[in-house]
Structures are given as structure tokens and as C-alpha cells.
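Below you'll find the structure, written out as C-alpha cells, and then a few comments.
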Amino acid sequence: MQHPNLETRHPLQADEETGFDPLHDFNKNHSRGSLNGRSSQPQSTSLSYRKEWDDLFLNSNYLARIRQAGISGRLRSSRFRSVCWKLYLEVLPEDKSQWISKTRELRSQYEKIKEMHITNPRKAKGQQDLVVNNPLSQDEGSPWNKFFQDKELKGMIKQDVLRTFPEIRYFQDEDVRTKLTDILFCYARENEQLLYKQGMHELLAPIVFVLHCDHQAFQHASETASPSEEMKCLLNPAYLEHDAYAMLSQLMETAEPWFSSFEREVRKGKEEMLTSIPFSRPQDAGPSVAIVTKVNRIQDQLVKKHDIELHMHLNRLEIAPQIYGIRWVRLLFGREFPLQDLLGGVGRALR
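This is the structure in C-alpha cells:
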């Protein structure tokens, strides 16, 4: 009889499918125990694992198929959801022959970004002048000046990270929290105009969790079968942080206007930043930020079209769409649904 803690069910799979359940493991605080002495299922698990990969990615029209699978919710139990998300976000190119080289390139970029931004001033290279390189220096070029600024930013990020999915034990792990903090900090330092805004941690958390789930499934399938080189590269648990950073950066290409207090406008071929009027409506004079324009459109056009009674009710009560809509859009409904349901919704939003 198979030990209950040795299940190979993926956390988001149906009961009859196989994989590992880290969500169950962390929430129940069960020991994983030894991986020896399993029943006769491992070989069939490895075969179904490879078949799922082939079904998703070997078809010549695979990209359209996985997009449709995401829309219909058929990826809910997939052990390759993170690969699909990378394709949706264009972290991976459509040409499968470039997957390994592109993945290595992005991971190398993150290594350099992290090395640049997460530094110890005591080990600063090229700055040996102790008048400048000391904690009391007011010199703008002092590495300690940057260190204290970074410490303040990291502290703000860490406050939000500590509140991330408190009901899920995975996110209470200190190593996971450190990864989340470092990713968000590096993103902020690479995007100084936007920096870090509250809520970005709730976009990153589902990405990290999906990567973790797929890594768990890969490790278990690898025990009884030899995975392909693509699988070994794309699903290497050692690079969870690197891959999550690349995915967040791509997601923020779309989400950035929702967090910004400015609106981008192209004039005469030159991109400019326009100061916005907070909470202005589209019909008001002057430019409005993208997030306000979006939630106004939801209420003034979409709700009116599909549920005129609700639209009239909201207007009668003078409920501005910003009250509910900004959180919905910025967090991709991250606070409105349980994590398992949220992942399906995020997948549909990304595709």
C-alpha cells in the first residue's frame, strides 16, 4: 500500500492523475518521508509525464492549442503549466529549438542583475577611499549611501512578502520569502521610474508557486525516467528565482501602467511621461492613468452592455469603479479567489 505522504499527485491535478502535492504537504505540515518502497506506479507516472509534454508541445500548431487549453481551463492539472505561462508571456520563443539558449540567456542576465544590485559595501570593488567608503559618509558615491537606501526599499518589500498567502505554508518558508524579496528588489532597481509598488508581490507569488509545483513534478518523474534536455533545462529547480524574475518582468510589461501614476504617450515619435489627474474619469478633461481608464471602461461600457440593471444600481449608489476595480485589475483577481482557482484565472489572463 502506498504511503499517504508519498503521493505523486500534482497539487493542481485531478484525483486520478499523478504528481506531487506541495500545497497539501506544506499546509498539513506532513513529513515527505522516504521515497523508497513505492508501489508499481512510478513507471506509468513517467510515461504519462512524457506523454503530457508531447501532447502539449510536439504538435506543429502547439501554441494555439495551449492558448485554447488555457482559456478553457484544461491546464488546471498540468505539470507543465509554468512552461505554458512562459510561452504566453513570450519569455520563451515560439521556436522550440531556441528554448534552451533563451532560457540560459535570461538566467545569465538575472545573475548579473542580482550581482549588481544586491551588494555588500564592505566588499565594494574599486572604492578603497575610507573617507567615501564608510557608513558615516554623506558622499553620493559612497556604497554605504546606496546600501542604506536599498535597506529601506527591501524593508518595504519584505513587509508585503510576509503577508503573502498566509494560509499557505509554502510562502511561510524563509528561503521562499528571501527569493520573493530579492526578485522584487531587483525588479525595482532595474525599473527606477516605477520602483516597487504594493501589490506586485501578489503578481509574483502565483508565478513562483507554479514554478515550484512543476519542479516537484519534474523531480518525481525523473526518478524513474530520463527526461529530455529541454525538460532538464526549463524545469531545473535551481533556477526558480531566475525564471520567476524573467516571467515577472514580462508580466509587468503589460501591468506597469496599472501601477504607475503616469501615462505614456507618443508624440512626434518620442515617448513622453504625462502627469495624470488621480481618479479622473475618461470623460473628464486632461489625461488619466491607464488603470483608471480601464476600470471606468469596465463599469461604463462592459457592465452597462452585459448587465444594465447592475450598471444602473452602481450609478444610483454613486459607486465609483475605482473602489473595486483597481484591486481587481492590478492583482489579476488575486484576492478574490483561492489560490487553485486564481492560477486558472491568471493563466487565462496571460494567454
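Going by UniProt numbering, 30 is the number at position 30 of the sequence shown; the sequence numbering is gapless.
Even glycine gets a Cβ: it sits at the ideal position worked out from N, Cα and C.
Quiz item: Out of curiosity, what's the CA-to-CA distance linking I308 and L314?
Solution: Stepping through the sequence shown from its first residue, residue 308 is reached at position 308. Stepping through the sequence shown from its first residue, residue 314 is reached at position 314. Rounded to the nearest angstrom, the gap between the Cα atoms of I308 and L314 is 10 Å.
Self-check item: CA-to-CA distance, E336 to D55, given in whole angstroms
Solution: Walking along the sequence shown from the start, residue 55 turns up at place 55. Walking along the sequence shown from the start, residue 336 turns up at place 336. In a straight line, the C-alpha of D55 is about 32 Å away from that of E336.
Exercise. Report the rounded CA-to-CA distance for A69 versus L75, giving the unit in angstroms.
Key: Residue 69 sits at position 69 when you count from the first residue of the sequence shown. Residue 75 sits at position 75 when you count from the first residue of the sequence shown. Each residue's alpha carbon lies about 6 Å from the other.
Exercise. Find out if the Cβ-Cβ distance for the pair E229, I100 is shorter than 8 Å.
Key: Stepping through the sequence shown from its first residue, residue 229 is reached at position 229. Stepping through the sequence shown from its first residue, residue 100 is reached at position 100. Result yes, Cβ atoms of E229 and I100 sit closer than 8 Å.
Practice problem: Measure the beta-carbon distance from L331 to L211 and round it to whole angstroms, keeping in mind my assumption that it falls under 8 Å. | Solution: One-based indexing of the sequence shown puts residue 331 at position 331. One-based indexing of the sequence shown puts residue 211 at position 211. In fact, because the Cβ distance is near 19 Å, the residues do not count as touching under 8 Å.
Self-check item: V239 versus L87: straight-line alpha-carbon distance, rounded
Solution: Your numbering for residue 239 matches position 239 in the sequence shown. Your numbering for residue 87 matches position 87 in the sequence shown. Per the sequence presented here, residue 239 reads as Tyr, with Val not at that position. Separation of Y239 and L87 (C-alpha to C-alpha, rounded to the nearest whole angstrom) is 17 Å.
Quiz prompt | Alpha-carbon to alpha-carbon, Q216 and Q172 | solution = Translated into positions along the sequence shown, residue 172 becomes position 172. Translated into positions along the sequence shown, residue 216 becomes position 216. Q172 and Q216: Cα-Cα distance of roughly 18 Å.
Quiz item: Relative to the alpha-carbon of A290, which residue among P237, G325, V91, L302 has its alpha-carbon at the smallest distance?
Solution: Along the sequence shown, one-based indexing puts residue 290 at 290. The residue with the shortest Cα to Cα distance from A290 is G325.
Self-check item: Own chain, CB closer than 6 Å to P237, minus 5 neighbours either side, in chain order
Solution: Position 237 of the sequence shown, counted from the first residue, corresponds to residue 237. Non-local beta-carbon contacts of P237 in its own chain, meaning distances under 6 Å to residues more than five positions away in sequence, involve H215 in chain order.
Quiz prompt | Short Cβ contact (8 Å threshold) for P206 with L343 | solution = The sequence position of residue 206 within the sequence shown is 206, counting from 1. The sequence position of residue 343 within the sequence shown is 343, counting from 1. In this structure, P206 sits near L343, with a CB-CB distance shorter than 8 Å.
Exercise. Return the chain-ordered list of same chain residues with a C-beta closer than 8 Å to the C-beta of Y187, the five sequence neighbours on each side being excluded.
Key: Position 187 of the sequence shown, counting from 1, holds the residue named residue 187. Result list for Y187: Y196, M200, Y245, L248, S249, M252, in chain order.
Practice problem: Rounded to whole angstroms, what's the CA-CA distance from L317 to E167? Just pull it up for me. | Solution: Counted from its first residue, the sequence shown places residue 317 at position 317. Counted from its first residue, the sequence shown places residue 167 at position 167. C-alpha separation (whole angstroms): 34 Å.
Self-check item: Residue from L184, Y170, V176, F165 with nearest C-alpha to M156
Solution: What you label residue 156 is simply residue 156 of the sequence shown in a count that begins at 1. For the set L184, Y170, V176, F165, the Cα lying nearest the Cα of M156 is the one of L184.
Self-check item: Short Cβ contact (8 Å threshold) for L234 with T103
Solution: The sequence position of residue 234 within the sequence shown is 234, counting from 1. The sequence position of residue 103 within the sequence shown is 103, counting from 1. Yes, the Cβ-Cβ distance between L234 and T103 is below 8 Å.
Quiz item: Thinking C-beta only, is C84 closer than 8 Å to N77?
Solution: For the purposes of this step, residue 77 is taken as the residue at position 77 of the sequence shown. For the purposes of this step, residue 84 is taken as the residue at position 84 of the sequence shown. The question names Asn, but residue 77 in the sequence shown is Ser. For S77 and C84, no; Cβs fall outside 8 Å.
Practice problem: Look up V303 in the DSSP assignment and say whether it is helix, strand or coil. | Solution: Position 303 of the sequence shown, counting from 1, holds the residue named residue 303. Of the three classes helix, strand and coil, the one that applies to V303 here is helix, per DSSP.
Exercise. Might you give, ordered along the chain, the residues of its own chain that have their beta carbon closer than 7 Å to the beta carbon of V161, omitting 5 neighbours on each side?
Key: As a first step, residue 161 must be located in the sequence shown, where it is residue number 161. In its chain, beyond the 5 residues on either side, R177, L180, T181, H201 have a beta carbon closer than 7 Å to the beta carbon of V161.
Self-check item: Reduced DSSP secondary structure (H/G/I, E/B, other) of N296
Solution: For this step, residue 296 is matched to residue 296 along the sequence shown. DSSP places N296 in helix when its eight states are reduced to three.
Quiz prompt | Contact set for E52: own chain, Cβ-Cβ below 8 Å, skip 5 residues either direction | solution = Stepping through the sequence shown from its first residue, residue 52 is reached at position 52. Answer for E52: S78, R79, F80, listed in chain order.
Quiz prompt | Backbone secondary structure at R65 - three-state DSSP | solution = Stepping through the sequence shown from its first residue, residue 65 is reached at position 65. Reduced to three states, the DSSP call for R65 is helix.
Quiz item: From Y49, T254, E94, pick the residue whose C-alpha is nearest to that of N61; which is it?
Solution: Position 61 of the sequence shown, counting from 1, holds the residue named residue 61. Sorting Y49, T254, E94 by C-alpha distance to the C-alpha of N61 places E94 at the top.
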